[in-house]
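Trainee: Here's a structure for you.
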Amino acid sequence: MSSSVRNAFLKESFPSGFQWATSTESFKVEGGGWRADGKGFSIWDEFSHTPGRVADDDNGDVACDSYNKLDEDIEVLKKLKVTHYRFSVSWPRVLPDGTNKNINEAGLNYYLRLGYTAWSLMDNFEWASGYAERFGLFFVNRSDPALPRIPKKSASFYNTLINCNGFKDPALGPHECMNPEGEGNIIRVHI
């Protein structure tokens, strides 16, 4: 698309003040040496690295490599005049062992570098394995000390609840409710 066509589209087709938004999911875009900078295992890492679980044994180790290409990705967002960016946090990148005892500064800084008004999903099936083993796939601990460090303009969170069985069909993705105590948290999200 030529710049004149793009500019006409952006300036003439939408009212002044129109806000552009986009979204990504961490497992689908980050990649970047999937264990880089201290990132722990996610439930999807474990699932996709189990032979025979995914067609052609594909995984998200590289994905779109946004972890290494973040500056380029941000430039593209700016050129597209994106004002809001909804992204999911790879919790094992921030909390590698699934606890708040080991906050990964490099992982936290990756998200802080975005510089956008961001809508962050509390989860998008990208739990840290250690967290999922203790609480199941849907427990949200909002008292985590890492959360207050996220800038206010990036702190609008969607609380996404999923059922105990995840995908229900084990062939489609992580599915186990690993801790029955977590069932009560389907309703009781810690906000």
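Basically this note's numbering = 1-based index in the sequence shown + 161.
Don't be surprised by glycine CBs; every beta carbon is placed ideally from N, CA and C.
Note down the Cα distance separating N263 from S164, rounded to an integer number of angstroms.
Mentor: Walking along the sequence shown from the start, residue 263 turns up at place 102. Walking along the sequence shown from the start, residue 164 turns up at place 3. Cα to Cα, the separation comes out at about 46 angstroms.
Trainee: Measuring alpha carbon to alpha carbon, tell me which residue in D226, S177, T244 and P176 is nearest G194.
Mentor: Working through the sequence shown from its first residue, we reach residue 194 at position 33. Checking every option, the nearest Cα to that of G194 belongs to D226.
Trainee: Alpha carbon to alpha carbon, how far is F188 from D219? Give it in angstroms, no decimals.
Mentor: The residue given as residue 219 occupies position 58 in the sequence shown. The residue given as residue 188 occupies position 27 in the sequence shown. Those two C-alpha atoms are separated by around 12 angstroms.
Trainee: Would you call the segment 207-215 and the segment 242-257 in contact, with 3 or more CB pairs under 8 angstroms?
Mentor: No: fewer than three Cβ pairs fall under 8 angstroms.
Trainee: For A197, which of L256, G268 and N168 has the nearest alpha-carbon?
Mentor: The count along the sequence shown starts at 1 and reaches residue 197 at position 36. Closest option to A197, Cα to Cα, is G268.
Trainee: In three-state DSSP terms, what is V223?
Mentor: For the purposes of this step, residue 223 is taken as the residue at position 62 of the sequence shown. It is coil, neither helix nor strand.
Trainee: What number of angstroms, rounded off, separates the C-alpha of I235 from the C-alpha of L275?
Mentor: One-based indexing of the sequence shown puts residue 235 at position 74. One-based indexing of the sequence shown puts residue 275 at position 114. Approximately 7 angstroms, taken between the alpha carbons.
Trainee: If you draw a straight line from the alpha carbon of F179 to that of T185, how long is it in whole angstroms?
Mentor: Within the sequence shown, the letter at position 18 stands for residue 179. Within the sequence shown, the letter at position 24 stands for residue 185. Cα-Cα distance, rounded: 20 angstroms.
Trainee: What is the rounded straight-line gap between the Cα of F202 and the Cα of E191?
Mentor: For the purposes of this step, residue 202 is taken as residue 41 along the sequence shown, with counting starting at 1. For the purposes of this step, residue 191 is taken as residue 30 along the sequence shown, with counting starting at 1. Going from the Cα of F202 to the Cα of E191 covers about 14 angstroms.
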